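Per this note's numbering, the sequence shown starts with residue 819, numbered consecutively. Data first, discussion second: the structure below is written as structure tokens.
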Amino acid sequence: MFSCPQHANKYIPEEYRKSAEALFPPDEFAALKGPDGAVAAEFAKILGIGGDYQSLLAVNQSDWETLQFLAHFQNNLDLLIQKTWVEKADEARKEQLEDQIPGFIAEIEKGDFQKALKDFSVILEELAWLFFGAQSAQDDFIEYALRIDIPMGLFWWYGAQLSRLESAIPTADAESLWRVLLIGICYLTNF
């Protein structure tokens, strides 16, 4: 997994740190419960996806609007993966990543957010590798991404935090998991 040591939070600009840490609090126990709706909505707004995020939260995961958005997500992610230039040795990674997306979407459509969260972490790890190469595995990756673009850096910080929820899946409710997943889905759909 791309690295996000706890000290990486100090690189988040002060004006965003409060919202970011409310989404995934430094207190391990508090983070395990998952974010409430207002916290997740505020973080989505910071990432520039607040409108899509709010409209999708208002509908059921199996509604036509959500299914249409998931199709857009898959198309955009496929385009991102296909257009990413990688060394010949990493071509197989691109293909494997493309093959994972339909299963991830099927899990969401079934409402299996626990499994989807685990798979999404893998998807984000591989996507970070395709975009940034070995840099994505370095301890300073989040700092590096924040220097490139703050919302993009916050997105990768968010991606690295997902593993904290994976260990707490039995205590996190489906609604919280959906809120967390939807942040990443909306961001990548609009990337």
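Even for Gly, the Cβ is constructed at its ideal location relative to N, Cα and C. Owing to the predicted nature of the structure, the values given are computational and were not obtained by experimental measurement.
Boundaries of the alpha helix (DSSP H) in which P920 is found, first to last residue | It spans 909 to 928 - the alpha helix (DSSP H) in which P920 sits, taken as one unbroken run.
On a CA-only basis, which of N893, G855, W882, L972 is nearest E782? Give me that one, please.
-> Lying before the first or after the last residue shown, residue 782 is absent from the chain, which here runs from 819 to 1009.
Spatial neighbours of Y779 within its chain, please: CB distance less than 6 Å, with the 5 preceding and 5 following residues excluded, ordered by chain position.
-> Outside the displayed range of the chain (819 to 1009) lies residue 779, so it cannot be described from this structure.
Taking I926 as the reference, which of F891, L915, L841, S954 has the closest Cα?
-> F891
Nearest-angstrom beta carbon gap, R911 and L964 [assumed within contact, 8 Å] = Actually they do not touch by this definition, with Cβ atoms about 25 Å apart.
Backbone secondary structure at A1012 - three-state DSSP = Outside the modelled stretch of the chain, which goes from 819 to 1009, sits residue 1012, for which no answer is possible.
Under the three-state DSSP convention, the category D854 falls into | coil
Residue environment, L897, which counts as buried when at least 16 other CB atoms sit within 10 Å = exposed
Apart from the five residues on each side of it in sequence, which residues of its chain come closer than 8 Å, Cβ to Cβ, to T884?
-> L874, V877, N878
May I ask which residues mark the beginning and end of the alpha helix (DSSP H) holding W956?
-> Per the sequence shown, residue 956 should be read as Gln rather than Trp. First-last for Q956: undefined, no H or E at that position.
For D967, the first and last residue of its enclosing alpha helix (DSSP H) | Taken as a continuous stretch (DSSP letters only), D967 belongs to no alpha helix (DSSP H), as it is neither H nor E.
Within the same chain, show all residues whose beta-carbon is closer than 7 Å to that of L1006, passing over the 5 residues directly before and after it, in chain order.
-> F891, N894, L895
Over what stretch of residues does the alpha helix (DSSP H) that includes L935 continue unbroken?
-> 931 to 950
Can you tell me whether DSSP reads D870 as helix, strand or coil?
-> helix
For V904, which option in A952, A889, P969 has the closest C-alpha, if you only look at C-alpha atoms?
-> A952
Which residues bound the alpha helix (DSSP H) around E839?
-> 832 to 841
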